[in-house]
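**Student:** What follows is a structure written as structure tokens; I'll ask about it next.
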Amino acid sequence: MTFLDLLSLDFMQRALVAALLTGLAAPAIGTFIVQRRLALLGDGIGHVAVTGVALGLLTGASPTWSAIVVAVLGAVLMEVIRERGHTNGDVALALLFYGGLAGGVLITGIAGQGAATLQSYLFGSLNSISYTDVVFTAVLTVVVLVLTLGLSPQLFAVASDQDFARVAGLRVRGYNLLIAVLAAVSITVAMRTVGLLLVSALMVVPVATSQQLARSFRATFVGAMLVGCVASVGGLLVSAALSFRVDVAPGPTIVLLALAMFTATWPIGVWLRRRSRLMAPFPEVAAAPHRSADVHPHEHGEDCGHPAVPHADHVDYVHDGHRHAVHGEHYDEH
Amino acid sequence: MTPTDTSVPVVLDRVSVAIGGRPILRDVDLTVHAGDMVTLLGPNGSGKSTLVRALTGLLPVARGEVRLFGTPLDDFGDWQRVGFVPQRSTATGGVPATVREVVASGRVGRRRLLRPTSAADRSAVESALEVVGLAERASYGVSQLSGGQQQRVLIARALAGEPDLLVLDEPTAGVDLPNQQALADALRRLKERGATIVLVAHEIGPMMPLIDRTVVMRDGWVAYDGPPLTQEVASHAHHHHDHDVPGGHDHAPHVSSPFDWERRNRS
Numbered sequence: 001m002t003f004l005d006l007l008s009l010d011f012m013q014r015a016l017v018a019a020l021l022t023g024l025a026a027p028a029i030g031t032f033i034v035q036r037r038l039a040l041l042g043d044g045i046g047h048v049a050v051t052g053v054a055l056g057l058l059t060g061a062s063p064t065w066s067a068i069v070v071a072v073l074g075a076v077l078m079e080v081i082r083e084r085g086h087t088n089g090d091v092a093l094a095l096l097f098y099g100g101l102a103g104g105v106l107i108t109g110i111a112g113q114g115a116a117t118l119q120s121y122l123f124g125s126l127n128s129i130s131y132t133d134v135v136f137t138a139v140l141t142v143v144v145l146v147l148t149l150g151l152s153p154q155l156f157a158v159a160s161d162q163d164f165a166r167v168a169g170l171r172v173r174g175y176n177l178l179i180a181v182l183a184a185v186s187i188t189v190a191m192r193t194v195g196l197l198l199v200s201a202l203m204v205v206p207v208a209t210s211q212q213l214a215r216s217f218r219a220t221f222v223g224a225m226l227v228g229c230v231a232s233v234g235g236l237l238v239s240a241a242l243s244f245r246v247d248v249a250p251g252p253t254i255v256l257l258a259l260a261m262f263t264a265t266w267p268i269g270v271w272l273r274r275r276s277r278l279m280a281p282f283p284e285v286a287a288a289p290h291r292s293a294d295v296h297p298h299e300h301g302e303d304c305g306h307p308a309v310p311h312a313d314h315v316d317y318v319h320d321g322h323r324h325a326v327h328g329e330h331y332d333e334h
Numbered sequence: 001m002t003p004t005d006t007s008v009p010v011v012l013d014r015v016s017v018a019i020g021g022r023p024i025l026r027d028v029d030l031t032v033h034a035g036d037m038v039t040l041l042g043p044n045g046s047g048k049s050t051l052v053r054a055l056t057g058l059l060p061v062a063r064g065e066v067r068l069f070g071t072p073l074d075d076f077g078d079w080q081r082v083g084f085v086p087q088r089s090t091a092t093g094g095v096p097a098t099v100r101e102v103v104a105s106g107r108v109g110r111r112r113l114l115r116p117t118s119a120a121d122r123s124a125v126e127s128a129l130e131v132v133g134l135a136e137r138a139s140y141g142v143s144q145l146s147g148g149q150q151q152r153v154l155i156a157r158a159l160a161g162e163p164d165l166l167v168l169d170e171p172t173a174g175v176d177l178p179n180q181q182a183l184a185d186a187l188r189r190l191k192e193r194g195a196t197i198v199l200v201a202h203e204i205g206p207m208m209p210l211i212d213r214t215v216v217m218r219d220g221w222v223a224y225d226g227p228p229l230t231q232e233v234a235s236h237a238h239h240h241h242d243h244d245v246p247g248g249h250d251h252a253p254h255v256s257s258p259f260d261w262e263r264r265n266r267s
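So this is what it looks like as structure tokens:
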């Protein structure tokens, strides 16, 4: 059987659709979570959802449904603990984080299921995705996308400045809960492909990658969804290709591919930021003393290699800590 | 003027505010009339920011009543008439955003849910950018701007909501003189449109000619309420007793106990 034959298999096609949807939903809500500086929120909810999966295994109910219920409850609880201010946001996260994982592993043991069963939820699994799972994933993805896109002005205001948003008349608590619940929903959506332990990476890494190149929130948002789709579909294909030789869960390949994209864009981002700092126009300052440069044999011009920075009505050429402006036959120090 | 006159933007009626059970604002009366620009001065910890947070509904009132445009705060729903510039908040978040995007978020109070941006939204954002003098930098990333320029972005964000009442909590803190001048110009433009402005400030600088009235806070009380004072005079007075505050006569109640209700009721 070749790689292309693999793509014609039903379970593989279901997995690809699920991966594509996950790649859209997770970064969409992830952008607002990163904007709120709660990048690890997804991790906390993911760990709580492990307990949900284990409860499903114990009671014989669908692990997807029990995971979504417990994840939503965990997200709401985290938001309440954070808002009441009894503990720091990150401490609240840590408490649920450890409780969720420990509870999940314990309950899975009580349910008499081995680590292998749990593992397909922790790191994703190619062949466990049923037709109902795909429909379920599609519906949840549509809900996440409609709400994040439709309410983006409100969510952006709340995520950037809560005091301002409250005085503007927004129900800040409601929007905070909405962000937490949508995060819980996207995590359950991503559970089958990336797995609960790595799902947060798909919310954060595409955003980090996209913001290397983007300057606006909108571009970051769209770019993150693009990176998310490429990483999740690409990672799934890599994992499928590797499956001829070794057994690799799709979660790690998806996350490593996303990280590789970040590593590739990071130097470009560093260069772009440095360049935009260098090329920012110099402010106009009135009445600077006239100073001409010492004899300067070099001739500045468009291709001379020195940054040409706008300064009022002319251009300064920057080199060795000097700003040279053309003045007749010579250069002035600006 | 009746106490519930809807033309009066701000009325604080014997307002006390406690944070964690500790009284921070005590028995404060303050009325701000339409079109006035009032500055709140006073040393750190005197309750200026607490007063501003109480009148914007961010802090609950322990006693007394706050009325905005004649409506008690609990029933007030017209928040799009109020613009707010919070203290020391940065314009940057975890994700990059352009100046225009941050300013556009000031329209949230006027936007209906799940509706696209309207032409009125766009023109309000452009005019707010123009008022603070950042129209040319609208597509810059906010993090590329200096601290003073970021403060102007936050003011433009509040202006984009086209408020009738603008409340600013220390917009001049750590802002250099040219940016303070730009800020003062923006406030002048707003004032000419008839807006009411409540400003908490440490440095007044170029805003001095705009100010109609100064309120000096001290230890949770209103220590002076009258014609404009400069920061220098107000902080100079801080070293003396309350009754030495310039203005000719004693505005400050004599404090004998933290909650001095009886003396007030007698007077």
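Protein chains in written order, with the numbering used here: chain A, 1 to 334; chain B, 1 to 267.
Positions of the beta carbon are idealized from the N, C-alpha and C atoms, including for glycine.
When the cut-off is 7 Å and only beta carbons count, does residue 22 (chain B) lie next to chain A?
**Tutor:** no
**Student:** With DSSP run on the structure shown, which of helix, strand or coil describes residue 95 (chain B)?
**Tutor:** coil
**Student:** Quick check: what's the CA-CA separation for residue 75 (chain B) versus residue 66 (chain B)?
**Tutor:** 11 Å
**Student:** Taking CB distances under 7 Å as the criterion, tell me whether residue 102 (chain A) reaches chain B.
**Tutor:** no
**Student:** Starting from residue 333 (chain A), follow its DSSP beta bridges and name the residues at the other end.
**Tutor:** Paired residues: A:291 and A:324.
**Student:** On the three-state DSSP scale, how would you describe residue 189 (chain B)?
**Tutor:** DSSP places residue 189 (chain B) within a helical segment (H, G or I) once states are collapsed to three.
**Student:** For residue 247 (chain A), count neighbouring C-beta atoms within 10 Å of its own C-beta (all shown protein chains included) and say buried if the count is 16 or more, exposed if not.
**Tutor:** exposed
**Student:** Quick check on residue 15 (chain B): does DSSP put it in helix, strand or coil?
**Tutor:** strand
**Student:** Mind checking which residues open and close the beta strand (DSSP E) that includes residue 225 (chain A)?
**Tutor:** Residue 225 (chain A) -> not in any beta strand (DSSP E); alpha helix (DSSP H) instead, spanning 217–242.
**Student:** Helix, strand or coil for residue 22 (chain B) per DSSP?
**Tutor:** strand
**Student:** Looking at the C-beta of residue 156 (chain A), does it have a partner C-beta in chain B at a distance below 7 Å?
**Tutor:** It does: the Cβ of residue 156 (chain A) has a partner Cβ on chain B nearer than 7 Å.
**Student:** Would you please verify whether the beta carbon of residue 214 (chain B) is less than 7 Å from any beta carbon of chain A?
**Tutor:** no
**Student:** Are the CB atoms of residue 307 (chain A) and residue 278 (chain A) within a distance shorter than 7 Å?
**Tutor:** Closer than 7 Å, so yes.
**Student:** Determine the DSSP secondary structure at residue 47 (chain A), reduced to helix, strand or coil.
**Tutor:** helix
**Student:** Count Cβ pairs between the segment 207–224 of chain A and the segment 124–133 of chain A that sit closer than 8 Å; are there 3 or more?
**Tutor:** no
**Student:** Below 8 Å on the Cβ atoms is my guess for residue 332 (chain A) versus residue 290 (chain A); work out the distance and round it to an integer in Å.
**Tutor:** 7 Å
**Student:** Considering Cα atoms alone, identify which of A:153, A:64 and A:239 is closest to residue 186 (chain A).
**Tutor:** Closest option to residue 186 (chain A), Cα to Cα, is A:64.
**Student:** Check the Cβ of residue 105 (chain B) against every Cβ in chain A and list those closer than 7 Å, keeping chain order.
**Tutor:** By Cβ distance, chain A contributes 153, 156, 157 and 160.
**Student:** Residue 190 (chain A) and residue 75 (chain A) - do their beta-carbons sit closer together than 7 Å?
**Tutor:** No, Cβ-Cβ distance for residue 75 (chain A) and residue 190 (chain A) is not below 7 Å.
**Student:** Hey, does residue 108 (chain A) have any beta-carbon neighbour from chain B nearer than 7 Å?
**Tutor:** no
**Student:** In this structure, how does DSSP classify residue 12 (chain A) when only helix, strand and coil are distinguished?
**Tutor:** helix
**Student:** To the nearest angstrom, report how far apart residue 205 (chain B) and residue 180 (chain B) are at their CA atoms.
**Tutor:** 7 Å
**Student:** Does any residue of chain B bring its CB to less than 7 Å from the CB of residue 43 (chain A)?
**Tutor:** no
**Student:** Out of B:85, B:35 and B:80, which has the shortest C-alpha to C-alpha gap to residue 201 (chain B)?
**Tutor:** B:85
**Student:** Please list the partners that residue 101 (chain B) has in chain A, where partner means a Cβ-to-Cβ separation under 8 Å.
**Tutor:** 156, 216, 217 and 218
**Student:** Mapping DSSP to helix, strand and coil, what is residue 241 (chain B)?
**Tutor:** Unreliable placement is indicated for residue 241 (chain B), whose pLDDT of 46 sits below 50; the coordinate value is still reported in the next sentence. Correct three-state label for residue 241 (chain B): coil.
**Student:** Is residue 173 (chain A) close to chain B? Criterion is C-beta to C-beta, closer than 7 Å.
**Tutor:** no
**Student:** Taking the alpha helix (DSSP H) that residue 310 (chain A) belongs to, which residues open and close that run?
**Tutor:** Segment 308–311 is the beta strand (DSSP E) holding residue 310 (chain A); no alpha helix (DSSP H) there.
**Student:** Do residue 167 (chain B) and residue 134 (chain B) have their CB atoms nearer than 7 Å?
**Tutor:** no
**Student:** Between the Cα of residue 23 (chain A) and those of A:301, A:236, A:115 and A:94, spot the shortest distance and give me the residue it belongs to.
**Tutor:** Scanning A:301, A:236, A:115 and A:94 for the CA closest to the CA of residue 23 (chain A) turns up A:236.
**Student:** Under the DSSP definition of a beta bridge, which residues are partnered with residue 72 (chain B)?
**Tutor:** B:67
**Student:** Under 8 Å by Cβ, that's how I've got residue 327 (chain A) and residue 292 (chain A) pegged, so tell me the actual separation to the nearest angstrom.
**Tutor:** 7 Å
**Student:** Hey, residue 55 (chain B) and residue 12 (chain B) are a contact pair by Cβ (cut 8 Å); roughly how many whole angstroms apart?
**Tutor:** 6 Å
**Student:** Grouping DSSP H, G and I as helix and E and B as strand, with all else coil, what is residue 37 (chain B)?
**Tutor:** strand
**Student:** Would you say residue 84 (chain A) reaches chain B, if we count a Cβ-Cβ gap shorter than 7 Å as a contact?
**Tutor:** No, because no Cβ of chain B sits closer than 7 Å to the Cβ of residue 84 (chain A).
**Student:** How many angstroms separate the CA atom of residue 201 (chain A) from the CA atom of residue 253 (chain A)?
**Tutor:** Computed Cα separation, rounded: 12 Å.
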